[in-house]
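*Asks:* Structure below; questions to follow.
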Amino acid sequence: MSFLARTLKPATALARVSRLSARFYASEAAAAPTAGKLVVNFALPHAAVLKGVEVNQVDMSAVSGDLGILADHVPTIEQLKPGVIDIIADSGSTKYFVSGGFAIMNPNSVLNINAIEAFKLEDIDPQAVAANLAESQRLASSAKDEATKEAAVVEIELYEAIQNAFSAKSK
Amino acid sequence: MSFAWRAAGMNYLQYSSIAARALRRVAKTELQAEIAKREGLAVKYAKWDSGKAGVSAIVPNVETRPKADN
Chain X
39 MSFLARTLKP ATALARVSRL SARFYASEAA AAPTAGKLVV NFALPHAAVL KGVEVNQVDM
99 SAVSGDLGIL ADHVPTIEQL KPGVIDIIAD SGSTKYFVSG GFAIMNPNSV LNINAIEAFK
159 LEDIDPQAVA ANLAESQRLA SSAKDEATKE AAVVEIELYE AIQNAFSAKS K
Chain Z
226 MSFAWRAAGM NYLQYSSIAA RALRRVAKTE LQAEIAKREG LAVKYAKWDS GKAGVSAIVP
286 NVETRPKADN
């Protein structure tokens with residue numbers, strides 16, 4: 039029996055060596071971006087808005103403040119506020135309004151943005167925003183428990199952010 | 226830095242879904258059919274101890290609009 043154990047050992051040693059050289063993260067397989075450019079992966083639970091797209095700059099609204107991310111930005115993880123993400127490429131700028139989420143800047147100039155919901159400003163109905171803002175304000179003042187009131191405050195923040203985005207666009 | 230919603234007893238899952246639902250409500254009507262497919266999803270969780278799952282519960286939604294009576 040012991041000679042069986044001895045013959046088994048070399049096989050597992052080889053297996054261990056090949057696993058050490060295996061790639062563990064899919065991001066390592068991705069091509070490095072050209073100098074001065076960011077690669078953006080923008081994903082929602084139901085769709086990949088952008089995947090491996092090279093851009094120049096991404097502006098976003100984070101809890102720690104508004105920031106613009108360029109290539110070689112210091113790696114950071116930012117929690118996003120409901121607000122506009124502006125993706126600036128050579129072909130122009132595209133704006134998405136996100137409900138929140140996270141932006142993760144990697145050392146290799148790959149920016150991953152995760153959000154639950156995102157719409158282009160032209161896909162949002164301004165009258166619906168005004169009506170829902172009024173409804174949320176009404177709820178915030180009349181709510182009896184803390185959780186509902188805070189939920190209404192979250193909605194007010196989101197709807198006001200949309201209205202700011204609309205008025206900034208028209209300037 | 227503590228968030229007001231966390232002080233009110235909400236967790237991030239509830240907060241992010243409140244914001245997501247609020248945004249879905251104001252998308253244009255053409256998109257609402259597709260959006261309806263995304264509603265009604267919930268997160269289920271169970272606390273594990275010594276390799277055994279505890280009671281599983283669903284993270285409750287904090288509702289801000291009255292339910293439509295159909």
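Note that the protein sequences, when read in sequence, are chains X and Z. Its first residue numbered 39, the first sequence is counted upward by one per residue in my numbering. Its first residue numbered 226, the second sequence is counted upward by one per residue in my numbering. Glycine included, each C-beta is placed from N, C-alpha and C at the ideal position. These figures come from a predicted structure and were not determined experimentally.
Taking the DSSP output, what are the residues bridged to X/E116?
*Replies:* DSSP, once it has assigned bridges, lists X/A141 as partnering X/E116.
*Asks:* X/S137 and Z/A233 - do their beta-carbons sit closer together than 8 Å?
*Replies:* Taking 8 Å as the Cβ cut-off, Z/A233 and X/S137 do not qualify as a contacting pair.
*Asks:* State yes or no: is the beta carbon of Z/W300 nearer than 8 Å to at least one beta carbon in chain X?
*Replies:* This structure leaves residue 300 of chain Z out entirely; chain Z is present only between 226 and 295.
*Asks:* With a Cβ-Cβ cutoff of 8 Å, do Z/T289 and X/L177 count as a contact?
*Replies:* Cβ distance < 8 Å, so Z/T289 and X/L177 count as in contact.
*Asks:* Run the CB neighbour count on X/A67, radius 10 Å, all protein chains shown included, and call it buried at 16 or more, exposed below.
*Replies:* Unreliable placement is indicated for X/A67, whose pLDDT of 49 sits below 50; the coordinate value is still reported in the next sentence. The residue is exposed, with fewer than 16 neighbouring Cβ atoms inside 10 Å.
*Asks:* Does Z/G234 get closer than 8 Å to chain X when you measure Cβ to Cβ?
*Replies:* So yes, Z/G234 belongs to the interface.
*Asks:* Can you look up X/I154 in the DSSP assignment and give me helix, strand or coil?
*Replies:* X/I154 falls in the coil class under three-state DSSP.
*Asks:* Could you check the C-alpha separation between X/L82 and X/D183 for me, to the nearest Å?
*Replies:* Rounded to the nearest angstrom, the two C-alpha atoms are 31 Å apart.
*Asks:* Determine the closest residue to X/D163 out of Z/R231, Z/L248, Z/L238, with distance taken between C-alpha atoms.
*Replies:* Ranking Z/R231, Z/L248, Z/L238 by Cα distance to X/D163 puts Z/L248 first.
*Asks:* Would you list the one or two residues that DSSP bridges to Z/N236?
*Replies:* Per DSSP, none; premise fails for Z/N236.
*Asks:* Quick check: what's the CA-CA separation for X/N94 versus Z/K253?
*Replies:* The straight-line gap from Cα to Cα measures roughly 30 Å.
*Asks:* Taking CB distances under 8 Å as the criterion, tell me whether X/L149 reaches chain Z.
*Replies:* Output row for X/L149: interface = no.
*Asks:* Cβ of X/L159 less than 8 Å from any chain Z Cβ?
*Replies:* Output row for X/L159: interface = no.
*Asks:* Taking Cβ-Cβ distances below 7 Å as the criterion, which residues of the segment 68 to 87 of chain X are in contact with chain Z?
*Replies:* The segment 68 to 87 of chain X vs chain Z, Cβ under 7 Å: H84.
*Asks:* Is any beta-carbon of chain A found at less than 8 Å from that of Z/V251?
*Replies:* Checking the listed chains, one finds no chain A in this structure; the protein chains it contains are X and Z.
*Asks:* What does X/E92 pair with, by DSSP beta-bridge criteria?
*Replies:* DSSP output for X/E92 lists X/V77 as bridge partner(s).
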